[in-house]
Amino acid sequence: MTALATLPPAQFKSELKPIWCPGCGDYGVVQAIYRALSAIGRPPHEIAFISGIGCSSRIPGYTTAYGFNTVHGRALPIAQGLKLANPDLLVLVAGGDGDGFSIGGGHVPHAIRRNLDLTYIVMDNQVYGLTKGQLSPTSPKGLKTVTSAYGSLESPINPLLQVLSCGAGFVAQSTPADMPGLAAVIEEAIRYPGFSFVNVQSPCVTFGEEDQQVKAHKGRMQSLASKGHDPADYLKALELATHYGVELYTGVFYRNPNPPATYDAQVRERQAELQKTAVPRERILEMFQKG
Amino acid sequence: MRDIVIGMAGSGGDGIVSAGESLIAAAASLGFHAMMTKSFGPQIRGGESSCRVRLSTRELHSSGGALGVAIALNWEDFLKFGSELRCDDATVVIYEAKTGVLPEHIPLGNIKPREIMAVPLAELTKQSAGTEKAKNSLVLGLLSGWLGLSQDTLRKGIQRRYGKKGEEIVNGNLRAFEAGRQYADAHPSQTPLRLDAPAAATTKILTDGNDITAAAAIFAGCQFFGGYPITPSSEVMQFLGKEIWKYGGAVLQAEDEIAGIGTAVGASFGGKKAMTATSGPGMSLKTEILGLATIAELPLVVVNVQRGGPSTGLPTKPEQSDLYQACFSAHGDVLRPVLAPTSVADSFHCTVDAFNIAERYQTPVIILSDQEIAQRKETCDPIDTSKLVVEDRKRPTPEQLEKYTRFAASPDGISPISHPGMKGGAYLAAGIEHTESGAPSASGAVHARMNDKRFNKLLPLESWSGAVTVAGDAGADLALIAWGSIGGVALEVLDLAQAEGLRLKVLVPRLLYPVPKEVYRSFLRNVNSGLVVEQSHQGQLYKILRMELDLPKGLVSYCRSGANPIQPSEVLAKLKALSADARRSLS
Ligand SMILES: Cc1ncc(C[n+]2csc(CCOP(=O)(O)OP(=O)(O)O)c2C)c(N)n1
Ligand code: SF4
Ligand SMILES: [Mg+2]
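Going down the list, the protein sequences come from chains W and Y.
Residue numbering for the first sequence follows the numbering used here, beginning at 764 and increasing consecutively.
Residue numbering for the second sequence follows the numbering used here, beginning at 415 and increasing consecutively.
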């Protein structure tokens, strides 16, 4: 593991030119990621960035890290396999609200309960951007979209509450309307030793609602720190999270003050212990021998 | 006697399967070739259970045909296994006298077995061991007597099996064994059942297809397994879950099969050899990520232990009906190597081959095993692993890393692959079409070029020397083609044909896809007629061969849905009829 505190943010920017719509919130997210990675100081080749499919999932290609733009909804399993293959890597996972909480929703609780040291960033724009404006699992009830012509009949998922209730050790929220705050929570999430989650309310300028744009965010956002919230207070974090969709709280909802051992660390321990008992690979069949 | 099949059935508590296990373990250490299949009723515990143990002084290829010895602890359970415990007029039937059924009334329909013995199994066990629980040891005693199997070896087996349960239980079982043995001595069978001594009492390996597949994965350097339990493949994960850590690897029981293959693809992206295993329903779920591994050119081994389908189908019975799925289940143009083992020992080789092919060509490879091979126990001669080659993916050289191009064009279509952590090797892997550098691209020209690359790199496989096994009379105009466990049946048919002087040749493909066309063409050159035998309703291999090759008119499909074993004798009869027809039409 190398740590060079001197890598400027630009070192993490790739030559690929983003194809997001001008003004898309995801530009802010990738900028914040450059800043956070610069502060962390690990060189790009020691970082792997895994995503699903969606506008937001294009993000790994815009960094100089190893990237894997996988299939819709499956970034988390792929990232977990990668982390176990090489626990020394810094592994980032990113995607949209649809990618993470609809098609990939079944993987979220399991990634959390396994607690690998990963950082999962969801760009939650409450809509399907890439496929052009359909209802998303975080769209507010009643939202009219191309697939909900008369308004949606279902209530949205609350990503914060869901992730907190599954036991994630680090849960934060931010918006590109607060760039320093966004970069800071991403950096803190990366530093947390275990599964960390950042919900970024990342505006979709093309299909998003008026109150979900950067300008509206600037007016609505309230920092949890300024409200005096103690991130070690799990029950309070749960209560604050229930306001998702109404209030726009930014900052850290919860940081486990006593992070438990990660899955990857336990795997290493088990390997170290059991490697002592290995017969050479070439002789593996001897255990089946008779007579 | 050189070859005998013993079939036994009883209720769960009778320990019939454990009797079979003791028998095959003893036979293996005595140097016999042996094979054992077991079958259970649908209940998780209790229920009826049965096993077939085939013992021979010669190498075996299938679990055999009709029973030489049938043991029914009660008739109701025995009959539930129908064709799996088929009797004929050469069978010696032994059954529980307590059932009250008279020998002339045993419920085997029209079959007139060669010999019938009613034995007071429960009573003898109770008298000797003090409990009926030791019935399996009594049965072993009977078999030891009638077949002439070493008492010492069987006794040692009993001591090992029950050692943990305490002296009292061990001694009870030993007394039951002795009682069985004495009963057999006092009631010799009219039919000669004594087995010849094995040619040479060489050391044997005894295991099943799933365990040896997992062991082969470790031998091949696999360091990651992600999967979700499903019958009849779970043992692969279970074995690796015990062993892989010792080799610096990890097993992850995923939340579903999609995550199972997802974690494996992630590990492969991370530079480690990776594997997943499943059966039909799980295979259906894995399809999308299989395509991802193809386009991202990531090595991956996927085992599908076939069972009867579609849907939940017949979860515990073998079938060969997932071949289309293995070859063609994908969106887009995909060429994916598919291998099928033909025996337990071949499962080892097939798995090593699969890892080598996956690594060499940077592609997912499917191993199509089936329930029969996966869960049958079989003796194999020791495998000299020092003769086997283990390949690793082509990694970039330091010079190549100075200006790294992940999907760089090369004469063989194979580009050196980096992995996260490698300085200078960073690239974007993706399911989206990409240029040589990995940059996303929607250009038709790029897409065509990349499809060419992904297809052409696999062409050498068609002339791979391990693609098929050919046996028999090279000049014969009568042919038999079969794959997987039925490939073993085909080899057995060849033995029968040769014994009858019928000229026959056999081809058993191990590489099912891409079809090694030249190999088939030269095999079929002088063939007039023959069979492609498969355990499936459609005869999927036959249809794939028809699609890819011009087949001789007389080569026809012979297939049947799963769970209903295809017998060497019926294939032989069919072949004889075909060959006679062909002669007639020629003359
Ligand atoms: C299996 C599968 N189903 C559907 C799609 C089509 N699809 C691509 S992205 C997407 C949703 C995108 O929404 P979100 O995840 O919120 O990302 P965003 O574009 O809003 O950033 C859908 C439905 C797909 N690529 N794969
Ligand atoms: S559609 Fe929305 S989410 Fe997608 S790039 Fe445009 S603004 Fe961003
Ligand atoms: Mg979205």
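Built from N, CA and C at the ideal position, the CB exists for glycine as well.
- Message: Contact criterion: CB-CB distance below 8 Å. Does Ile-796 (chain W) meet it with respect to chain Y?
- Response: One-based indexing of the first sequence puts residue 796 (chain W) at position 33. Chain Y, which has no Cβ nearer than 8 Å to the Cβ of Ile-796 (chain W), makes this no.
*Nearest to Ala-631 (chain Y) by CA position, among Y:Ile-619, Y:Leu-654, Y:Asp-610, Y:Leu-609, is which residue?*
For the purposes of this step, residue 631 (chain Y) is taken as residue 217 along the second sequence, with counting starting at 1. Comparing Cα positions, the closest option is Y:Leu-654.
Margin query: What residue range does the alpha helix (DSSP H) around Phe-769 (chain Y) cover?
Written below: Taking the first residue of the second sequence as position 1, residue 769 (chain Y) is located at position 355. Taken as a continuous stretch (DSSP letters only), the alpha helix (DSSP H) holding Phe-769 (chain Y) covers 758–775.
Alpha helix (DSSP H) containing Ser-992 (chain Y): first to last residue?
Working through the second sequence from its first residue, we reach residue 992 (chain Y) at position 578. For the record, residue 992 (chain Y) in the displayed sequence is Leu; it is not Ser. Per DSSP, the unbroken alpha helix (DSSP H) holding Leu-992 (chain Y) starts and ends at 982–1000.
| query | To which residues of the same chain is Gly-859 (chain W) closer than 8 Å at the C-beta, ignoring the five residues directly before and after it? | reply | As a first step, residue 859 (chain W) is located in the first sequence; it is residue number 96 there, counting from the start. A distance below 8 Å between beta-carbons, with the five flanking residues on each side excluded, links Gly-859 (chain W) to the following residues of its chain, in chain order: Gly-815, Gly-817, Cys-818, Ser-819, Ser-820, Val-885, Met-886, Asp-887, Asn-888, Tyr-891, Gly-892, Leu-893, Ser-899.
**Request:** Pull up the CB-CB distance for Ser-950 (chain Y) and Glu-786 (chain Y), whole angstroms please, since I reckon it's below 8 Å.
**Result:** In the second sequence, the residue the question calls residue 950 (chain Y) occupies position 536. In the second sequence, the residue the question calls residue 786 (chain Y) occupies position 372. About 13 Å separates the two Cβ atoms, so there is no contact after all.
- Query: Between Y:Arg-960, Y:Ile-508, Y:Leu-557, which lies nearest to Arg-528 (chain Y) when the distance is taken from Cα to Cα?
  - Reply: Here residue 528 (chain Y) is taken as the residue at index 114 of the second sequence, counted from 1. In terms of Cα proximity to Arg-528 (chain Y), the closest of Y:Arg-960, Y:Ile-508, Y:Leu-557 is Y:Ile-508.
- Taking 7 Å as the line, does the beta carbon of Asp-789 (chain W) fall inside it for any heavy atom of ligand 3? Position 26 of the first sequence holds residue 789 (chain W). Not under cutoff, so the answer is no.
Query - DSSP three-state assignment for Gly-944 (chain Y), whether helix, strand or coil - result: Taking the first residue of the second sequence as 1, we reach residue 944 (chain Y) at position 530. Gly-944 (chain Y) falls in the strand class under three-state DSSP.
query: In terms of residues, what are the limits of the beta strand (DSSP E) holding Val-968 (chain W)?
result: The count along the first sequence starts at 1 and reaches residue 968 (chain W) at position 205. Where Val-968 (chain W) is concerned, there is no enclosing beta strand (DSSP E), given that its DSSP letter is neither H nor E.
Interface residues of chain W facing Leu-599 (chain Y) [CB-CB closer than 7 Å]: Taking the second sequence and counting its residues from 1, one reaches residue 599 (chain Y) at position 185. Correcting the residue type first, residue 599 (chain Y) is Asp in the shown sequence and not Leu. The contacting residues do not exist; Asp-599 (chain Y) stays about 26 Å from chain W at best.
Measure the beta-carbon distance from Val-533 (chain Y) to Ala-511 (chain Y) and round it to whole angstroms, keeping in mind my assumption that it falls under 8 Å.
Translated into the one-based positions of the second sequence, residue 533 (chain Y) becomes position 119. Translated into the one-based positions of the second sequence, residue 511 (chain Y) becomes position 97. About 6 Å separates the two Cβ atoms, so the contact holds.
Considering only residues of the same chain and omitting the five flanking positions on each side of Leu-815 (chain Y), which have a CB-CB separation below 8 Å?
Numbered from 1 along the second sequence, position 401 holds the residue referred to as residue 815 (chain Y). Cβ contact annotation for Leu-815 (chain Y) (same chain, cutoff 8 Å, sequence separation greater than five): Ser-832, Met-836, Lys-837, Gly-838, Gly-839, in chain order.
Q: Determine, using beta carbons only, whether Gly-674 (chain Y) and Thr-690 (chain Y) come nearer to each other than 8 Å.
A: Position 260 of the second sequence, counted from the start, is the residue given in the question as residue 674 (chain Y). Position 276 of the second sequence, counted from the start, is the residue given in the question as residue 690 (chain Y). Closer than 8 Å, so yes.
- Taking only runs of the beta strand (DSSP E) that begin and end inside the segment 785–862 of chain W, which ones reach a length of at least 3 residues, in chain order? The segment 785–862 of chain W contains these whole beta strand (DSSP E) runs: 810–814, 829–832, 853–859.
- Cutoff 6 Å; reference Thr-616 (chain Y); Cβ partners in own chain excluding five residues on either side: As a first step, residue 616 (chain Y) must be located in the second sequence, where it is residue number 202. Close CB contacts of Thr-616 (chain Y) within its chain, under the 6 Å cut and outside five residues either way in sequence, are with Gly-445 (chain order).
> For ligand 1, any of its heavy atoms closer than 7 Å to the Cβ of Leu-893 (chain W)?
Replying inline: As a working mapping, residue 893 (chain W) is identified with position 130 in the first sequence. Using a cutoff of 7 Å, the CB of Leu-893 (chain W) counts as near ligand 1, since one of the ligand's heavy atoms is closer than that.
For a quick check, are the C-beta atoms of Leu-753 (chain Y) and Leu-926 (chain Y) less than 8 Å apart? Taking the first residue of the second sequence as 1, we reach residue 753 (chain Y) at position 339. Taking the first residue of the second sequence as 1, we reach residue 926 (chain Y) at position 512. When the beta-carbon positions are compared, Leu-753 (chain Y) and Leu-926 (chain Y) come within less than 8 Å of each other.
Worksheet item: In chain Y, what lies closer than 8 Å to Ile-920 (chain W) by C-beta?
Response: Numbered from its first residue, the first sequence carries residue 920 (chain W) at position 157. Result: empty, since nearest Cβ-Cβ is about 18 Å, beyond 8 Å.
Practice problem: Run down chain W in chain order and give the residues with a C-beta less than 7 Å from the C-beta of Phe-821 (chain Y). | Solution: Numbered from its first residue, the second sequence carries residue 821 (chain Y) at position 407. In chain W, no part has a C-beta under 7 Å from the C-beta of Phe-821 (chain Y); the shortest such distance is about 14 Å.
| query | In whole angstroms, what is the alpha-carbon distance linking Thr-513 (chain Y) and Gly-694 (chain Y)? | reply | As a working mapping, residue 513 (chain Y) is identified with position 99 in the second sequence. As a working mapping, residue 694 (chain Y) is identified with position 280 in the second sequence. Going from the Cα of Thr-513 (chain Y) to the Cα of Gly-694 (chain Y) covers about 40 Å.
Check Ser-463 (chain Y) in the structure and name its three-state DSSP category.
-> Stepping through the second sequence from its first residue, residue 463 (chain Y) is reached at position 49. Here Ser-463 (chain Y) sits in strand by DSSP.
Requested in this report: Tell me, to the nearest whole angstrom, how far the beta carbon of Gly-944 (chain Y) is from that of Ala-885 (chain Y); I am working on the premise that it is less than 8 Å.
Outcome: Stepping through the second sequence from its first residue, residue 944 (chain Y) is reached at position 530. Stepping through the second sequence from its first residue, residue 885 (chain Y) is reached at position 471. Under the criterion of beta carbons closer than 8 Å, Gly-944 (chain Y) and Ala-885 (chain Y) do not qualify as touching, at roughly 14 Å.
Exercise for review: For Gly-425 (chain Y), I'd like the list of residues in its chain whose CB is within less than 8 Å of its CB, leaving aside the five on either flank, ordered along the chain.
Suggested key: Locating residue 425 (chain Y) in the second sequence gives position 11, counting from the first residue. One point to set straight first is that residue 425 (chain Y) is Ser, not Gly, in the sequence displayed. Within the same chain, Ser-425 (chain Y) has close Cβ partners Gly-460, Gly-461, Glu-462, Ser-463, Leu-487, Asn-488, Asp-491.
CB-CB under 8 Å to Ile-572 (chain Y), same chain, minus the five flanking residues each way: which ones, in chain order? Start at 1 with the first residue of the second sequence, and residue 572 (chain Y) comes out as number 158. Excluding sequence neighbours, Ile-572 (chain Y) sits near Ser-436, Ser-551, Leu-554, Val-584, Asn-587, Leu-588, Phe-591.
message = Could you check whether the Cβ of Met-886 (chain W) sits closer than 7 Å to any heavy atom belonging to ligand 1?
response = Position 123 of the first sequence, counting from 1, holds the residue named residue 886 (chain W). Checking the Cβ of Met-886 (chain W) against ligand 1 gives yes.
Let me know if Ala-856 (chain Y) comes out buried or exposed under the rule of 16 or more other beta-carbons within 10 Å of its beta-carbon.
In the second sequence, the residue the question calls residue 856 (chain Y) occupies position 442. Label assigned to Ala-856 (chain Y): exposed.
Looking at Leu-749 (chain Y) and Leu-782 (chain Y), is the spacing between their C-beta atoms short of 8 Å? Here residue 782 (chain Y) corresponds to residue number 368 of the second sequence, with the count starting at 1. Here residue 749 (chain Y) corresponds to residue number 335 of the second sequence, with the count starting at 1. It is not a contact, given that the beta carbons lie outside the stated cut-off.
Query raised in the report: Relative to chain W, which residues along the segment 599–618 of chain Y have a C-beta separation below 9 Å, given in chain order?
Result: Cβ proximity to chain W below 9 Å picks out Ala-615, Thr-616, Thr-617, Lys-618 from the segment 599–618 of chain Y.
Beta-carbon contacts of Leu-779 (chain W) that lie in its chain and below 8 Å, excluding the five residues immediately before and after
For the purposes of this step, residue 779 (chain W) is taken as residue 16 along the first sequence, with counting starting at 1. Counting only Cβ-Cβ distances below 8 Å, and skipping sequence neighbours, we find Gly-824, Tyr-825.
Discussion item. 8 Å is my cut-off, CB to CB: does Ile-846 (chain Y) come that close to chain W?
Written reply: Within the second sequence, numbered from 1, the residue matching residue 846 (chain Y) stands at position 432. Judged by the 8 Å Cβ criterion, Ile-846 (chain Y) is in contact with chain W.
*asked:* Pairs of beta-carbons, one from the segment 675–690 of chain Y and one from the segment 630–649 of chain Y, closer than 8 Å: are there three or more?
replied: Flag = yes, the segment 675–690 of chain Y and the segment 630–649 of chain Y touch.
Worksheet item: Just checking my contact of Gly-623 (chain Y) with Gln-789 (chain Y) at CB under 8 Å: how many whole Å lie between their CB atoms?
Response: If you number the second sequence from 1, residue 623 (chain Y) lands on position 209. If you number the second sequence from 1, residue 789 (chain Y) lands on position 375. Gly-623 (chain Y) to Gln-789 (chain Y), Cβ: 7 Å. Contact.
*asked:* Does the structure place the segment 963–973 of chain W close enough to the segment 1032–1039 of chain W that three or more beta carbon pairs sit under 8 Å?
replied: With a cut-off of 8 Å, the segment 963–973 of chain W and the segment 1032–1039 of chain W do not count as touching, because too few Cβ pairs lie within range.
What residues from chain W crowd round Gly-838 (chain Y), counting only those whose CB sits closer than 8 Å? Along the second sequence, one-based indexing puts residue 838 (chain Y) at 424. Result: His-808.
Glu-649 (chain Y) to Gly-727 (chain Y) span [Cα, whole Å]:
Numbered from its first residue, the second sequence carries residue 649 (chain Y) at position 235. Numbered from its first residue, the second sequence carries residue 727 (chain Y) at position 313. Cα to Cα, the separation comes out at about 20 Å.
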